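Count along the sequence shown from 1, add 7, and you get the number used in the working numbering. All residues carry an ideal CB built from backbone N, CA and C; glycine is no exception. Quick caveat, the model's predicted, so the values are computed rather than measured. Since the structure comes first, as structure tokens, the remarks are kept for the end.
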Amino acid sequence: MMFTLKNAIQTISVVLTLMPWNPSFASLVICIYHNNQIYLGSDSLVHGEGGEKNFNTPKIFPIADTCWVSITGNYGSTFRDTKTGSIISRIILPLELGQICRDLNATNQPLEYKIITVAKQFGSKYIDYFRKMLSIGKDPRKIEATRLYFVGYDPSTKSFFGKSCLFQGTNQAALETRFVRNSKNNLTDFSFQAEDHFLPALLTSSDEIFIKLRSDDLKRTMSQLWRPDSVVSDESVTNLMLEMFSLQKAKASSTGHDKGFIGEPYVIYKITTEQTTKIH
């Protein structure tokens with residue numbers, strides 16, 4: 008799920024069993040656009056079984072100096088022979104996305120071309136996974152979707168942007184524009200990907216339970232961010248995002264919003280018109 012705050016089956020010759028390896032935590036990706044820069048934060052790495060050894064993979068990847076893509080939702084599976092227990096195949100969607108992004112990041116293609124290419128190539132991987140799941144008898148209605156979210160700065164349009172793509176079933180997903188910010192439209196924008204109910208309520212609800220959760224630092228930084236041209240330090244935004252992650256983990260479930268199944272390490276990047284810098 009994503010919340011934006013702003014105003015034909017392949018036949019297999021052996022019997023397969025699904026080896027679920029869902030990450031030990033759920034997911035939360037936070038994107039804040041403010042005053043000609045984007046702050047992009049993600050919770051824990053994706054953990055899973057990779058054959059001879061386990062693996063860890065990020066949930067966000069660069070495709071250009073000023074553009075990153077995040078993945079949440081269904082991360083894929085490992086398939087085993089029911090008799091021998093040996094791995095028949097693996098479709099690990101974050102790993103697939105990472106390879107696609109590395110290949111494209113090494114090229115000088117226009118950013119829009121890279122975004123479309125990532126969506127198309129990843130869509131093929133997701134469809135392969137979906138068909139594999141159908142082939143072992145999974146109910147298509149219970150196969151979780153995967154969302155990609157592209158954020159960054161496009162020098163060809165001189166705009167910051169957010170574009171979302173939801174992969175579900177066997178149809179190729181379409182890109183949807185979530186926000187565009189330029190010199191004519193510089194309003195602050197918040198986007199939350201995956202666990203996306205608690206934090207919007209935290210920031211905007213007049214319910215007493217959320218009012219009490221807002222620290223003085225959170226209220227101060229939010230007040231600054233709502234003013235489009237105000238100068239807010241990287242440290243203040245970093246502390247705000249870390250507080251958001253902490254409250255999400257500690258309070259989301261008890262308030263009936265989301266599960267709060269997220270965890271460290273948290274990473275935060277700042278994207279400007281020229282480059283991306285890791286600030287936490």
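Whose C-beta lies closer than 6 angstroms to the C-beta of residue i among residues of the same chain, with five residues either side of it excluded?
i: Ser260; result: Lys266, Gly267
i: Ser49; result: Val36, Lys66, Ile67, Val274
i: Asn29; result: Caution is warranted here: a pLDDT of 42 is assigned to Asn29, below 50, making its placement in the model unreliable, and the coordinate value is therefore given only provisionally. Answer for Asn29: no residue qualifies.
i: Thr280; result: Tyr160
i: Phe157; result: Val76, Ile122, Lys170
Classify residue i: buried if its beta carbon has 16 or more other beta carbons within 10 angstroms, exposed otherwise.
i: Tyr352; result: Residue 352 falls outside the range modelled here, since the chain spans only 8 to 287, and no answer is possible.
i: Ile278; result: buried
i: Trp233; result: exposed
i: Lys285; result: exposed
i: Phe106; result: According to the sequence shown, residue 106 is Gln rather than Phe. Per the 10 Å Cβ criterion, exposed.
i: Ile45; result: buried
i: Leu104; result: buried
i: Leu194; result: exposed
Tell me where the alpha helix (DSSP H) around residue i begins and ends.
i: Ala208; result: 205-211
i: Ser222; result: Segment: none, Ser222 is in no alpha helix (DSSP H) and carries neither H nor E.
Between which two residues does the beta strand (DSSP E) holding residue i run?
i: Ile123; result: Not the beta strand (DSSP E): Ile123 falls in the alpha helix (DSSP H), residues 118-142.
i: Thr114; result: Unbroken run through Thr114: none, as it is neither H nor E.
i: Asp196; result: 196-201
i: Thr85; result: 83-88
With DSSP as the reference, please indicate the residues paired to residue i in a beta bridge.
i: Thr284; result: Lys277
i: Val53; result: Thr64
i: Glu183; result: Ser171
i: Cys74; result: Ala71, Gly159
i: Tyr46; result: Ile39, Lys277
i: Ser166; result: Asp161
Short of 8 angstroms in beta carbon distance, which residues of its chain neighbour residue i, apart from the five on each side in sequence? Order them along the chain.
i: Ser163; result: Pro117, Leu118, Glu119
i: Ser93; result: Arg87
i: Leu220; result: Leu209, Leu254, Lys258
Below 7 angstroms CB to CB, which residues in the same chain sit around residue i once its five sequence neighbours on both sides are set aside?
i: Pro69; result: Trp75, Cys108, Asn112, Thr283
> Is the stretch 220-237 touching the stretch 272-285 in the sense that three or more CB pairs, one from each, lie closer than 8 angstroms?
Replying inline: Result no; under three Cβ-Cβ pairs closer than 8 angstroms.
> Any chance the stretch 205-212 sits against the stretch 233-250, with 3 or more Cβ pairs inside 8 angstroms?
Replying inline: Judged by Cβ distances under 8 angstroms, the stretch 205-212 makes no contact with the stretch 233-250, as fewer than three pairs qualify.
> Counting pairs of beta carbons, one from the stretch 80-89 and one from the stretch 148-160, are three or more of them closer than 8 angstroms?
Replying inline: Contact annotation: the stretch 80-89 touches the stretch 148-160, with at least three C-beta pairs closer than 8 angstroms.
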